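In our numbering, the protein residues as written are 817 to 900. Glycine is no exception: its CB is placed at the ideal position from the N, C-alpha and C atoms. Remember, predicted model here, so these are calculated numbers, not experimental data. Presented below is the structure to which this report refers.
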Ligand code: SF4
Ligand code: SF4
């Protein structure tokens with residue numbers, strides 16, 4: 817019985833963590849191309865390697881890799897990135 821409760825608690829925890837991850841994945845970073853000046857600060861800051869500069873020197877986000885952590889947005893000097 818004790819083990820059953822522990823397993824149920826672990827299952828609930830896994831579901832909650834999975835839900836939180838899914839929500840984060842639904843909110844990847846978005847770059848305003850009209851504001852981006854191509855400084856590369858966001859590329860350096862991204863822990864997931866999810867952002868890079870394209871041929872025009874504009875930051876682009878790989879939505880599959882992006883976890884929505886928001887570090888790139890905080891690093892951008894011209895507020896060109898949002899995660900909402
Ligand atoms: S939100 Fe986080 S994971 Fe996504 S591009 Fe920005 S720094 Fe990378
Ligand atoms: S930090 Fe901002 S201005 Fe610099 S490359 Fe990234 S989005 Fe563009």
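| Check | Outcome |
| --- | --- |
| Burial state of residue 873, where buried means 16 or more other Cβ atoms lie within 10 Å | exposed |
| Supposed close pair residue 877, residue 847 - CB separation, criterion 8 Å | 6 Å |
| Residues near ligand 2, criterion Cβ-heavy atom distance below 6 Å | 847, 852, 853, 854, 855, 856, 857, 858, 875, 891, 892, 894, 896, 897 |
| Straight-line Cα distance separating residue 882 from residue 830 | The predicted model places residue 830 with a pLDDT of 48, which falls under 50 and marks its position as unreliable; any figure quoted below should be read in that light. Whole-angstrom Cα-Cα distance: 21 Å. |
| Of the residues 880, 820, 856, 871, the one placed nearest residue 890, counting alpha carbons only | 856 |
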